[in-house]
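Contents: one structure, followed by commentary.
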Amino acid sequence: MYYILLIMLIFLLVSVLKSIIGPTLWDRLLCMNIISTKIIIIIIVYASRMDIDYLLDFAIIYSLMGFVCTIFISSFIAERLKSDKKDGEEKN
Numbered sequence: 001m002y003y004i005l006l007i008m009l010i011f012l013l014v015s016v017l018k019s020i021i022g023p024t025l026w027d028r029l030l031c032m033n034i035i036s037t038k039i040i041i042i043i044i045v046y047a048s049r050m051d052i053d054y055l056l057d058f059a060i061i062y063s064l065m066g067f068v069c070t071i072f073i074s075s076f077i078a079e080r081l082k083s084d085k086k087d088g089e090e091k092n
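In my numbering, the protein residues as written are 1 to 92.
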């Protein structure tokens, strides 16, 4: 179990670096979603290793919040890009 946690932490750090380096905003959003997924996996593995049942509830709540936030942020970015494109056409 400790090896799984170590591997997930390494993958988490790689995802954080990719989200910082990511060339586009969509890459950063995808990396934030991946980071959220890795944190959920870490919580689940830790909860099963330490036999703490209530952490699984936190993992479910965290996954739902991550999903909803990803949907809201992606729709906000799409609308923002759409309005910026529309404003650029009106100026020309």
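Glycine included, each C-beta is placed from N, C-alpha and C at the ideal position.
Under the Cβ criterion (8 Å, minimum of three pairs), the segment 9-24 counts as touching the segment 34-41. Rounded to whole angstroms, the Cβ separation of residue 29 and residue 77 is 7 Å, and the two are in contact under 8 Å. Remark: C-beta atoms of residue 4 and residue 45 approach each other more closely than 7 Å. Contact check for residue 54 and residue 39: beta-carbon distance about 17 Å, past the 8 Å limit, so the pair fails to qualify. In the three-state reduction of the DSSP assignment, residue 1 falls in the coil class, being assigned neither a helical nor a strand state.
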